[in-house]
Amino acid sequence: MPAEIQGRNELEALREAILRNVGEDRERVVLARGETLFRQGDPADALYFVVSGRLQATVCHPGRERVIVGEIGPGEPVGELGILTGQARGAEVSAIEDAELLRVSREVLERAANDAPETLGPLAEIIGRRLRRNQLAAVLPRLFGPIDAQTIEGLESLMAWARLPGGDVLFRQGDPGDALYILLSGRLRAVAEDPDGGRRVLNDMGPGECVGEMALLTGDPRSATVLAVRDSQLVRISSEAWETIRERYPRVLLGMATTLARRLARGGAPRRMARTAGRVALIPASPDVPLEGLVDRLAGALSAFGPTLRLSAKLCDRLLGMRGAAQLAPDAPRSMRVEAWLEEEEARHRFILLEADPTPSNWTRRCLREADRVILVARADGDRAPGSIESALAAQRSLAHAPAWVLVLLHAGGTRLPSGTNEWLAQRSIQEHHHVRIDDEADVGRLARRIAGRSIGIALGGGGARGFAHLGVLRALREAGVPIDAVAGTSMGAVIGALSAMGLDYETVLDMSEKVFVRGRPHREFTVPVFSIIRSRKLDRLIHSVYGDAEIEDLWLPFTCISSNLTTTEMVTHRRGSVWKAVRASASLPGVFVPVIDGHDLLVDGGVINNLPGDILRRSCGGPVLVVEVSRETEWTIDRREFPSPWRMLASRLLPRAKREKAPGILSILLRTIVVGSDHRAREVKADADLCFQPPIQKYGVLEFDRFREIADTGYEYAKRRIDEIADASLRASLGLAGRT
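Using my numbering, read the sequence shown as starting at -8 and increasing by one per residue.
What follows is the structure, given as structure tokens:
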């Protein structure tokens, strides 16, 4: 049966079912041409059926001109979306011909739905189609540039609607690129499949994104498998339809080219969207978790990035005006009303926080089913074993398309470092975790930025004593109000980065630095150079005295450091395990300090492979990436034909009147040699960074640890000027500097 005839039959059956159930509780409404039935934003107090004539629906989007989203003719319902969802009118409806309608009040319709809930099924289906058309009308101008209503209608006629249930595959890696898709609602995931059967997630895609356009335009096979994380609505544009669009609508082709150019300029994929979650489910690990307080604070913090809706089962019932709506089973006829309402709310809000019940109820399961990301919230001092709620949701969670799970451990407050996090992680499959002090706005703000894809990360490079400039840069950023959400470091950058991730203040870190590097002088513990120049036992003892037995996963901030594996010749990214051992490995200068033994492998300084790990943060943070480089030299030349003898160099250092010999020593040569291999990578990292700090510290030697305060002050004064000089308004806003002068 043709779709148009089928749709007409559905409308007739729906009208007859509703009118039969409402009996005489309806009234006749007459509109003259040009007269308005209701306006956008009016309360949804009734459902109408067109008896004769035609109506037109228009939507006014903020900052854009009014858009015609459709016409309504005889037999069709009007105002059904507001009735089903309980929201205000989403469009203005006016008569373009003299029209007659039948009006059924909201109260009468509710009574009829209670008596005959089967009538809601067809109504929800019709509403879904209209909602998708409204979504399409809103998305197309964002993808293809300014287009009028006639063009939108023409484009829609060339597209096919597609519904992809959660877990279903849209296309597989290697399939021919015979179509592109536009995601209107839901969530998709791109997965790369390796020849050995392994799979790795490349990206998640949210509403408003194009999918598969590169393969269509180039003719290449699909480069990844794409599946639905949750139920998703799309439109499909086949290769034949695309050729027609190219011929009829050349401006659309230009708009698509602009979209692709922007994507390629960002490295081939939209970074921020990949890390942004629209619907977030918050699941309590146990009934005693103070979930309501966290969700309330989180909603407030997220509202800075866009409209945010907080939903618990009680709030869902109240906003829908339907008692028990949240606890309806998925197959209940009236459950479609909840689904349609959530889709409408997703179009209105940037974020929806789904606050689950403290039991595995229907609402809790719906939260999990509807989520782009799941946050398991637990008391840090609670039972670390999975509780009854987690166990009850295990089957739903184990699905291949299940959303990413995040663990949030709530702390009562204070500055004492968390402990035992590894026990939480060892018993669960968790993608990431966060420590949050429930009354600390900074911790809640950090979680909000992570959800919004706006996390700010800073990468600290290696450079010996010059690394104390990192302290000054961090101090300047903190005083400017720039929040740091994640830290990555190499060598001396790892030493400073770990201290920052522990939450220690500037003066405390300076005091620790004096204890370790000035009074302890581990770089002066020379030995017979069999394994290294420095014996390293004193370094081990001093570093352990600073970090203790803390694990990386126990730090307040997410922390990563880099070392180089001499055994496998690969880069090692330390995200778990002992802090002091990871830092010690990252700062183990080859030939200078004894390598760190890790199992059967030997680990040395990360600067051999990656001395400025901003690329590591770029893959994990969604917001700005800041880098601090302290290893560069102004000049590495020697103004002589040969090196002076060791005795002559020693005399020039010890004798007061001896001529000063200028030549790099063995430690300086070793330090410089280490970073040569990663210099090219560091240049790429700096070019990709949103903000690069390069303090003027060339006059300080890499072993001048006794000048640590002077170096830190130099970094601080430089960073203050650098921050004040930021001219990019978008960058200033993303760093929280928009209102600062």
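Every residue gets a Cβ at the ideal spot worked out from N, C-alpha and C, and that includes glycine.
Is it the case that the Cβ atoms of residue i and residue j are separated by a distance below 8 Å?
| i | j | result |
| --- | --- | --- |
| residue 343 | residue 270 | yes |
| residue 617 | residue 670 | no |
| residue 402 | residue 426 | yes |
| residue 614 | residue 440 | yes |
| residue 368 | residue 300 | no |
| residue 137 | residue 166 | no |
| residue 496 | residue 437 | no |
| residue 489 | residue 570 | yes |
| residue 491 | residue 612 | no |
| residue 567 | residue 600 | no |
| residue 152 | residue 123 | yes |
| residue 155 | residue 131 | no |
| residue 236 | residue 93 | no |
| residue 142 | residue 240 | yes |
| residue 340 | residue 298 | yes |
| residue 169 | residue 218 | no |
| residue 197 | residue 178 | yes |
| residue 48 | residue 84 | yes |
| residue 243 | residue 140 | no |
| residue 70 | residue 29 | yes |
| residue 538 | residue 585 | no |
Check each candidate in the options and name the one with the smallest Cα separation from residue i.
| i | options | result |
| --- | --- | --- |
| residue 385 | 479, 276, 550, 406 | 276 |
| residue 294 | 443, 325, 328 | 443 |
| residue 388 | 401, 402, 363 | 363 |
| residue 19 | 496, 377, 39 | 39 |
| residue 563 | 481, 512, 538, 611 | 481 |
| residue 189 | 166, 216, 207 | 216 |
| residue 602 | 591, 674, 232 | 674 |
| residue 321 | 133, 361, 290 | 361 |
| residue 413 | 407, 478, 405, 423 | 423 |
| residue 350 | 378, 298, 538, 327 | 378 |
| residue 583 | 605, 620, 530 | 530 |
| residue 171 | 156, 380, 134 | 134 |
| residue 699 | 717, 677, 508, 541 | 508 |
| residue 45 | 51, 90, 714, 405 | 90 |
| residue 102 | 16, 701, 579 | 16 |
| residue 430 | 247, 187, 417, 283 | 283 |
| residue 604 | 319, 621, 594 | 621 |
| residue 714 | 727, 703, 315 | 727 |
| residue 99 | 693, 37, 336, 59 | 37 |
| residue 472 | 538, 433, 499 | 433 |
| residue 186 | 540, 164, 195 | 164 |
Write down the C-beta distance between residue i and residue j rounded to the nearest angstrom, noting that I regard them as a contact closer than 8 Å.
| i | j | result |
| --- | --- | --- |
| residue 370 | residue 280 | 6 Å |
| residue 42 | residue 65 | 6 Å |
| residue 272 | residue 365 | 5 Å |
| residue 598 | residue 453 | 4 Å |
| residue 553 | residue 577 | 6 Å |
| residue 448 | residue 608 | 4 Å |
| residue 35 | residue 73 | 3 Å |
| residue 22 | residue 86 | 4 Å |
| residue 182 | residue 191 | 7 Å |
| residue 691 | residue 456 | 6 Å |
| residue 336 | residue 176 | Incorrect: roughly 11 Å between the Cβ atoms, too far for contact. |
Pull the bridge partners of residue i from the DSSP assignment, please.
| i | result |
| --- | --- |
| residue 556 | 561, 594 |
| residue 196 | 179 |
| residue 160 | 218 |
| residue 229 | 170 |
| residue 589 | 592 |
| residue 461 | Beta-bridge pairing links residue 461 to no other residue. |
| residue 535 | The partner list for residue 535 (beta bridge, DSSP) is empty, contrary to what the question assumes. |
| residue 340 | DSSP output for residue 340 lists no bridge partner at all. |
| residue 449 | 478, 617 |
| residue 46 | 63, 86 |
| residue 402 | 428 |
| residue 368 | 275, 399 |
| residue 346 | 273 |
| residue 39 | 69, 94 |
Return no unless some Cβ of chain C is closer than 8 Å to the Cβ of residue i.
| i | result |
| --- | --- |
| residue 42 | Among the protein chains of the structure shown there is no chain C, as only one such chain exists. |
Hey, is the segment 702 to 720 in contact with the segment 466 to 485, meaning 3+ C-beta pairs nearer than 8 Å? yes
Are at least three pairs of beta-carbons, each pair with one atom in the segment 546 to 559 and one in the segment 496 to 511, less than 8 Å apart? no
Assess contact between the segment 551 to 558 and the segment 582 to 598, defined as three or more Cβ pairs (one per stretch) separated by less than 8 Å. Is contact present? yes
When the Cβ atoms of the segment 323 to 343 are set against those of the segment 307 to 314, are three or more pairs found closer than 8 Å? yes
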